[in-house]
Amino acid sequence: MKSLMITKYGDINSSLEEQEIAKPALEENQILIKTYSSSFNPIDHMIVAGDYKALGKVSFPVGIGRDVSGIVEKVGKNVKKFKKGDKVYSRINESHVGTMAEYVVSNVKDTALMPSNLSFDESASIPLVGLTTYQALVDIAKLSKGEKILIHAGSGGIGTFAIQLAKHLGAHVTTTTSTKNISFVKDLGADKVIDYTSENYLDDGAVFDVVYDTLGGNYTLDSFKVLKDAGRVVSIKGTVDNITAQQLGLNKFVQMILAFQGRKVFKTASKMNAMYRFLLMSPNGDQLKKIAKMYESGAIKPIIDKTYNFAEAIQALEYLSKGHARGKVIVKDMQPFQLEIFIIYMKTYISI
Ligand SMILES: NC(=O)c1ccc[n+]([C@@H]2O[C@H](COP(=O)([O-])OP(=O)(O)OC[C@H]3O[C@@H](n4cnc5c(N)ncnc54)[C@H](OP(=O)(O)O)[C@@H]3O)[C@@H](O)[C@H]2O)c1
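With the numbering used here, the residue at position 24 of the sequence shown is 4, and numbering never jumps.
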């Protein structure tokens, strides 16, 4: 099968190439998915750039891509939940990374049926950003009705989902973006928009119950300047906390270095009786099922910035890596043209 592979660390254009590789082997609690669409996330270009080198040696070539929507081609011998022909979506497990390919294997527990009202491209826009934000706002921050949340970068893949989820949970949403995206994020439901190119979000003072830190760097510590006492900061980009360091299986020495690097954040949180958590998202089919219901009810809508063909996947990743996507960047058409596939596509679009 054809698959986009990372051949080395470096710039996107010279480190990725389409290769013929074997179809992935199927285990008893897994399904083989015929890929229809996928989407890129910043982790994909960060891996190509070598940003995660320290986490372990990689033997190239390796696949790329974590989000998939497609059709079940084959099920493992213990699988009862899905059958051949089901339309599914998944943020696949790290050990099966490589959704920019004709086929991908996903654990049953990481997979759910696609939202019934969405196309393959729309469904592929959801898993990684949807799960990350669900885990950040629902599981960790326990954001509730009437609370005030600050969501940084409301116009990105994460932000566009986060604004809609926070509104669905009944929160008052403030978000940051640049001038060109102000009306875009307002249309998604943001109650207040701060233009980061001309305003300073710190001017609002300590008014937020929750800050969703999607930017890291100085933004992580500064979150506490706008947080009420005993508020919650959930970061997906900033200082790694002890819980995540242990989840990652980092050794005691690395844990000590992280604790030292994050000391100001942890100290400030403790002084304010606030919660600080770093989230490393995890695949979760049950949560994807709950998220699918939010799309089916119309509470959340898919936001796609650009869609590329498989042959243009490298351009898609280059576009995302500029850091100014407005929603998600999709890659489609992993399958060679077949009449059967064309009919399935047409049926999906006609049923919307
Ligand atoms: N820990 C985890 O498990 C996890 C999971 C998912 C994502 N992440 C991380 O979360 C971050 C966001 O992911 P994403 O998918 O949303 O990325 P993305 O789609 O590439 O984000 C692009 C958006 O960021 C906005 N932006 C850039 N700089 C900004 C600033 N200073 N203030 C406000 N907005 C700004 C841009 O808006 P303008 O064009 O208006 O500038 C653009 O719309 C990434 O760093 C990613 O690695 C972590």
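Here a beta-carbon is modelled for each residue, glycine too, at the ideal position from N, C-alpha and C.
Counting along the chain, Ile27 sits inside the alpha helix (DSSP H) bounded by residues Pro22 to Ala29. At least one heavy atom of ligand 1 lies closer than 7 Å to the C-beta of Ala305. Comparing C-alpha distances from Met314 to each of Arg71, Thr219, Lys3 and Tyr83 shows the shortest one belongs to Tyr83.
In the DSSP secondary-structure assignment, Lys67 is bridged to Ile51. Residue state for Asn289 is assigned as strand, using DSSP reduced to three classes. In the structure shown, the three-state DSSP call for Lys208 is strand.
Separation of Arg46 and Thr200 (C-alpha to C-alpha, rounded to the nearest whole angstrom) is 26 Å.
Put simply, of Pro263, Ile13 and Asp(-9) the residue whose alpha carbon is nearest the alpha carbon of Thr113 is Pro263. For Arg243, the enclosing alpha helix (DSSP H) begins and ends at Arg243 to Lys251. The continuous stretches of beta strand (DSSP E) do not include His76, and DSSP gives it neither H nor E.
The C-alpha of Thr79 lies about 10 Å from the C-alpha of Gly50.
Per DSSP, Leu111 is one residue of the alpha helix (DSSP H) stretching across Pro107 to Tyr114.
Residue environment analysis places Arg243 among the exposed positions, since fewer than 16 neighbouring C-beta atoms fall within 10 angstroms of its C-beta. Between the C-alpha atoms of Ser158 and Lys60 there is a straight-line separation of about 47 Å.
In the structure shown, Asp167 falls within a helical segment according to DSSP collapsed to helix, strand and coil. Per DSSP, Asn264 lies in no alpha helix (DSSP H) segment and is marked neither H nor E.
Residues Asn222, Ala225 and Gln226 of the same chain have their beta carbon placed closer than 8 Å to that of Gln235, with the five preceding and five following residues left out of the count.
Residue burial is scored here from C-beta neighbours: Leu300 has at least 16 other C-beta atoms within 10 angstroms and is therefore classed as buried. Remark: the shortest separation between the CB of Ser70 and any heavy atom of ligand 1 does not fall under 7 Å.
If you check the C-beta of Pro22 against ligand 1, you find a heavy atom less than 7 Å away. Around Leu123, the same chain offers Leu117, Ile129, Ala146, Leu149, Ala151 and Val190 as residues with beta carbons nearer than 7 Å, after the five sequence neighbours per side are excluded.
In terms of Cβ geometry, Glu8 and Asn58 form a close pair [threshold 8 Å].
Here Gly65 is exposed: its Cβ has fewer than 16 other Cβ atoms, across all protein chains shown, within 10 Å.
In this structure, Ile237 keeps its C-beta atom at 8 Å or more from the C-beta atom of Ser17. Take Ala81, set aside five residues on each side of it, and the residues of its chain with a beta-carbon closer than 8 Å to its own are Met(-19), Lys(-18), Ser(-17), Leu(-16), Ile1, Thr15, Gly43, Gly45 and Met314, in chain order. Rounded to the nearest angstrom, the Cβ distance from Ala92 to Val68 is 7 Å, consistent with a contact under 8 Å. In the structure shown, Asn(-7) falls within a helical segment according to DSSP collapsed to helix, strand and coil. Distances from the alpha-carbon of Leu297 to those of Val153, Asn21 and Gln10 put Asn21 closest.
The Cβ-Cβ distance between Val214 and Ala121 falls below 8 Å.
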